[in-house]
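Under the numbering used here, the first residue of the sequence shown carries the number 396, and numbering increases by one thereafter.
Glycine included, C-beta positions come from ideal geometry on N, C-alpha and C.
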Amino acid sequence: MQLTHIHGESSIESDKTNRQKLIECINELKPEEVKSLYQTVEDYYKWKSNNLYDVVREYCTIDDVEKIYAIAKFTLWHHF
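Shown next as structure tokens:
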């Protein structure tokens, strides 16, 4: 799987260089890293999808309020 574009926060969309770096980083993840990251997020937000590509697509289709909820739960857990 190769990710070719990302939709999301306006700061990422407005900065093409940062967006490209993020895409490159995601594309370089090893399967075990993706699984670990996905499981960490899934522990706090139940995705309907079961792979990173579909999770990114799913994230892009949820409404803005739900995006905030998903990010907040993961971010709060990750910092404590």
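Between the C-alpha atoms of K462 and T456 there is a straight-line separation of about 9 angstroms. If you draw a 10 Å sphere on the C-beta of Y454, you find 16 or more other C-beta atoms in it, and that means buried.
Per DSSP, reduced to three states, the secondary structure at I418 is helical. Our two residues, Q415 and I421, have alpha carbons roughly 10 angstroms apart in a direct line.
When V451, K430 and D458 are compared, the shortest CA-CA separation from I418 is found for V451.
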